[in-house]
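Report on one structure; see the data block that follows.
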Amino acid sequence: MAKAGEQADGKLSSALALRPTGKMHDLAARMSLMLYQLSWRTPLHNMRITGKLPLKLLAVPTDPLPGDEARGKAVRIGQFHFQGMAQQIDAIDYDKLPLPPGFADYIHRFDWLRDLAASANRVDGAPLAASITDQWLIANADKPRIPAWRIDNCAWRFINMACWAPYLLSSADLVYRSKILNHFARTARHLDQSAIRATQPFDKVCGWAGVTAASLLLPEGKARRTMGEHGLALALDELVFPDGGVLSRSPIQLMELVALLSTLRQCYLARDEDIPEFLLDTLGRNIPALLGLTHADGGLGAWQGSGHVSAERIEALVAASGVRARPQRQALDWGYQRVSAGQAVLLVDAGPPPHAKQAMVGCASTLAFEFGFGKQRIIVNCGGAGLVGANIPASLARGLRTTAAHSTLCVDDSNSTALLSGGQLGRGVMEVGLERRDIEKATRIESSHDGYARAYGFTHSRLLILRTDGMELRGEDTLLPHDKFKVREEVEAHLRFHLGPDIELLVAEDRRSASLRMEDGSNWFFVVALGTIEVEDSLWVDEHGRPHPTRQLVVGVTAPKGGLTIGWTLRFQG
Numbered sequence: 379m380a381k382a383g384e385q386a387d388g389k390l391s392s393a394l395a396l397r398p399t400g401k402m403h404d405l406a407a408r409m410s411l412m413l414y415q416l417s418w419r420t421p422l423h424n425m426r427i428t429g430k431l432p433l434k435l436l437a438v439p440t441d442p443l444p445g446d447e448a449r450g451k452a453v454r455i456g457q458f459h460f461q462g463m464a465q466q467i468d469a470i471d472y473d474k475l476p477l478p479p480g481f482a483d484y485i486h487r488f489d490w491l492r493d494l495a496a497s498a499n500r501v502d503g504a505p506l507a508a509s510i511t512d513q514w515l516i517a518n519a520d521k522p523r524i525p526a527w528r529i530d531n532c533a534w535r536f537i538n539m540a541c542w543a544p545y546l547l548s549s550a551d552l553v554y555r556s557k558i559l560n561h562f563a564r565t566a567r568h569l570d571q572s573a574i575r576a577t578q579p580f581d582k583v584c585g586w587a588g589v590t591a592a593s594l595l596l597p598e599g600k601a602r603r604t605m606g607e608h609g610l611a612l613a614l615d616e617l618v619f620p621d622g623g624v625l626s627r628s629p630i631q632l633m634e635l636v637a638l639l640s641t642l643r644q645c646y647l648a649r650d651e652d653i654p655e656f657l658l659d660t661l662g663r664n665i666p667a668l669l670g671l672t673h674a675d676g677g678l679g680a681w682q683g684s685g686h687v688s689a690e691r692i693e694a695l696v697a698a699s700g701v702r703a704r705p706q707r708q709a710l711d712w713g714y715q716r717v718s719a720g721q722a723v724l725l726v727d728a729g730p731p732p733h734a735k736q737a738m739v740g741c742a743s744t745l746a747f748e749f750g751f752g753k754q755r756i757i758v759n760c761g762g763a764g765l766v767g768a769n770i771p772a773s774l775a776r777g778l779r780t781t782a783a784h785s786t787l788c789v790d791d792s793n794s795t796a797l798l799s800g801g802q803l804g805r806g807v808m809e810v811g812l813e814r815r816d817i818e819k820a821t822r823i824e825s826s827h828d829g830y831a832r833a834y835g836f837t838h839s840r841l842l843i844l845r846t847d848g849m850e851l852r853g854e855d856t857l858l859p860h861d862k863f864k865v866r867e868e869v870e871a872h873l874r875f876h877l878g879p880d881i882e883l884l885v886a887e888d889r890r891s892a893s894l895r896m897e898d899g900s901n902w903f904f905v906v907a908l909g910t911i912e913v914e915d916s917l918w919v920d921e922h923g924r925p926h927p928t929r930q931l932v933v934g935v936t937a938p939k940g941g942l943t944i945g946w947t948l949r950f951q952g
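In this note's numbering, the protein residues as written are 379 to 952.
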């Protein structure tokens, strides 16, 4: 660990030396920064941040994120609720805590404070918040163990406790109040030590964001702020693509990043301090990237482990960021394409899977698409692999990561990118080709991937053409022999179209076409040029981790050695 820390210190020092910005252009500021760097990992830093001034919070930031009133009511009756699961608060055993990771994080981050505040005013909620917090401190304050003291949980806990300090510090018990303030200080020191040692880009961002928040909200913050802001700037450069997406390609992680930076922004506002340009710039790129994955109804599509997120939640997150922006049309690094035509929106995964080390819940979804018209989702992906809870067991979550759980072509019931037994992504898609252009009265996207080349000798190419009025989507899915790998003969392939909710389905007798009747009474017509249509059960997962039954259209074919093309059309009928 010491060696890793020294390497991280060296990288940070050299990077900062090459990155003078703003007020650091003058020599005095450079020298000051060098002194902070030299003393950051020595007893001088601990001496600087302890004992000189009374321990207190200098400000209470406004929490920009909305709480969940239903979960808050559950806290008031003595239970934590999370994705369909319940945990009796007075029966928690922190030495074991046998809960899914997301549920445990909800408790350790003190996210429940936000929910409690949504359902109870300060007078009613403060005694309960103090009781739960005291219970947590007794079990965890002096035991720096995972996951309670994991770097991202520490950063969020510090910020959440600061935002809801009036609920935590209303008690007249001086011993309890001292515990709270000491926990702020200890968490800040833990973040000081952990941020510079973090190895994963998102952990680095969380750690340095926590350090920066501590520098603004606790006394003696000058050195912390200098190091925190520059560490955060470097970490964001590593994590965030130029187009605003994140390395994991996960909307869940992008949403958490926006929430974290938006809340950190409130720490600056609470102290009436200038917000760094790099923070505002990052948020300004994150929001268009996130909105680029929304349908016409404003809700988020299901990609890389996310569920189908409601428009209300996306709107609240965008409002919290303070950024006003339009959805991004195409993001070559983030890897997603969005076509808006009339009332229709087409979303396409046109990028390779995330690197195995960066993937949160990596999915074999290359070239999958979603299509909606107005408020109706017509073609979707199942989603929800990252929402393990009462309704999504680990075994189902693994299935939701597969190629077959996405609206794309699946060869021999195998994944375009391997899913390893430990949960990581294995070999598969290495290269993705993409060409997008506007043609007469339509937008044309042609993409391809080599995920099936090594095992089967085929490249999958997909052509999508959406008419400018949004009322017709034409597609061609092609298996082409790869020039470097031997082609297998007689390979089975299935083209899957997972349907959105509340769609009535009628398949023609020849099984070459199907009528889709929407909830609003409108009709769409689907026809395929090769193969026959089978109807199978499917599901889609909402933002709360609840699966909803639906169906899918499956076109099965046998691919000869020379390859094949499956043409299909989805057309509005009125």
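Backbone N, C-alpha and C fix where the C-beta goes; we use that ideal spot for every residue, glycine too.
If you're wondering where the values come from, they're calculated on a predicted model, not measured in any experiment.
Query	Result
Report yes if the CB atom of V726 is closer than 7 Å to the CB atom of W918, and no otherwise.	no
Mind the definition here: the region 702-712 touches the region 767-782 only if three or more C-beta pairs lie below 8 Å; say whether that holds.	no
Taking the straight line between their C-alpha atoms, what separation do you get for A591 and A694?	22 Å
To the nearest angstrom, how far is it from the Cα of L931 to the Cα of A768?	28 Å
So, is P544 buried or exposed, given that buried needs 16 or more other C-beta atoms within 10 angstroms?	exposed
In terms of residue numbering, what span does the alpha helix (DSSP H) encompassing C741 cover?	Note, C741: premise wrong, no alpha helix (DSSP H); not H, not E.
Kindly indicate the opening and closing residues of the alpha helix (DSSP H) around D652.	Careful: D652 lies outside any alpha helix (DSSP H) and carries neither H nor E.
Flag this pair as yes or no: are the beta carbons of Y554 and D512 separated by less than 7 Å?	yes
Could you tell me the distance, in whole angstroms, from the CA atom of K939 to the CA atom of R866?	6 Å
Thinking just about the alpha-carbon of each residue, which of K864, A566, L894, V438 is nearest to the one in D650?	V438
Taking the beta carbon of G934 as the centre, do at least 16 other beta carbons fall within 10 Å, making it buried, or is it exposed?	exposed
Enumerate, from N- to C-terminal direction, the unbroken beta strand (DSSP E) stretches of 3 or more residues contained entirely within the region 425-497.	457-460, 463-466
If you measure from the beta carbon of R449 to each beta carbon in chain B, is any gap under 7 Å?	As a matter of chain content, chain B is missing from the structure shown, which is built from one protein chain.
Just to confirm before moving on: does the CB-CB distance between V739 and A763 stay below 7 Å?	yes
Whether or not the region 670-687 and the region 803-813 are in contact is what I'm after, with contact meaning three or more pairs of Cβ atoms, one per stretch, closer than 8 Å; do they touch?	no
Can you name the residues that DSSP bridges to C788?	H872
Going by Cα to Cα distance, which pick from D471, G700, G606 is closest to L658?	G700
So, S916 versus R895, is the Cβ gap smaller than 7 Å?	no
What span of residues does the alpha helix (DSSP H) with Q571 cover, start to end?	552-573
Return the residue from the list V906, F481, A469 that minimises the CA-CA distance to G462.	F481
When you compare the CB positions of G609 and I770, do they come within less than 7 Å of one another, or not?	no
Which partner residues of Y830 appear in the DSSP bridge assignment?	Answer is none; Y830 lacks a bridge partner.
E690 by DSSP, collapsed to three states: which one?	helix
How big is the Cα-Cα spacing for T641 and L595?	13 Å
Can you tell me which residues form a DSSP beta bridge with L859?	At residue 859 the sequence reads Pro, which differs from the Leu that was named. DSSP, once it has assigned bridges, lists F836 as partnering P859.
Comparing C-alpha positions only, which one of D652, T821, G662 sits nearest to Q715?	T821
Have a look at D530, G941, R627, D652 and flag the residue whose alpha-carbon is nearest the alpha-carbon of A587.	D530
Return the CA-CA distance between R691 and A674, expressed in angstroms with no decimal places.	15 Å
Would L858 and G952 qualify as a contact pair, given that the criterion is a beta-carbon distance under 7 Å?	no
Mapping DSSP to helix, strand and coil, what is W712?	coil
Quick one: what's got a C-beta closer than 8 Å to E447's C-beta in the same chain, skipping five residues either side?	D493, A496, S497
Report the rounded CA-to-CA distance for L841 versus G623, giving the unit in angstroms.	24 Å
Is the CB-CB distance between R852 and I843 below 7 Å?	yes
Quick check on the burial criterion: 16 or more other C-beta atoms within 10 angstroms. Buried or exposed for S794?	buried
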